[in-house]
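The sequence shown: position 27 = 27 (UniProt numbering), numbered continuously. One structure below.
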Amino acid sequence: MSQKGWHATFMSKTDEQLSGSGGHFHLSLLDKENKNIFSDEKASDGLSDIARWFIGGQIRHADAICALANGTVNSYKRLVPNSFAPVYASWGYEHRSTMIRIPHGRDKKTHIESRLPGADTNPYLAMAGTLLAGLDGIRNKIEPPVPVAGIDIYRNPG
1 MSQKGWHATF
11 MSKTDEQLSG
21 SGGHFHLSLL
31 DKENKNIFSD
41 EKASDGLSDI
51 ARWFIGGQIR
61 HADAICALAN
71 GTVNSYKRLV
81 PNSFAPVYAS
91 WGYEHRSTMI
101 RIPHGRDKKT
111 HIESRLPGAD
121 TNPYLAMAGT
131 LLAGLDGIRN
141 KIEPPVPVAG
151 IDIYRNPG
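Here it is, written out as structure tokens:
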């Protein structure tokens, strides 16, 4: 790398013309028997109420999570429209522009992807904020908004 004049960096956005670098978290919660409590095979989308409430807490506390997960000025250069980075407190199934993405895979594989953190995040702070927001959602049964589906969220954030 140094022979080409390049340097290793953990910046979230090194060049305005290039995509940013995310530091996304993939997480699920397990009970005492190691059962994934985000999964509900009876639900039409495979998500449990606990998963929804966890998402609801994340959406409600999005500003706080954003501050914890994006600790530098450069962090916010990644969070711009048309970049596959989240710019709105939103969630959706397989939607790479939302703050919370629900990837394919259910049962044991059911999990959420928190897309707010960038490459330069402090993982301890970002994960602590993510978990606390989600647990607040579970504790208070915070319902998330309707998931984003089939729209360009950058043009229609509503």
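Idealized CB from N, CA, C, for every residue including glycine. All values reported here derive from a predicted model rather than from experimental measurement.
In terms of Cβ geometry, residue 115 and residue 22 form a close pair [threshold 8 Å].
One Cα belongs to residue 46, the other to residue 5, and the distance between them is close to 49 Å. Exclusion of the five residues before and after residue 48 leaves 37, 38, 39, 40 as the residues of its chain whose Cβ lies within less than 7 Å of its Cβ. Within a 10 Å sphere around the beta-carbon of residue 111 sit 16 or more other beta-carbons, which makes this residue buried. Beta-carbon to beta-carbon, residue 12 and residue 20 are separated by about 5 Å, close enough to satisfy the 8 Å threshold. In the displayed model, residue 74 falls within a helix according to three-state DSSP. Its Cα nearest to that of residue 148, the residue 89 stands out among 139, 89, 138.
Residue pairing by DSSP places residue 47 opposite 39 in a beta bridge. Contact check between the region 68-75 and the region 123-134: three or more CB pairs, one atom from each, fall below 8 Å, which counts as touching. Inclusion of residue 10 and residue 120 in the CB contact set at 8 Å is warranted, their separation being smaller than that value.
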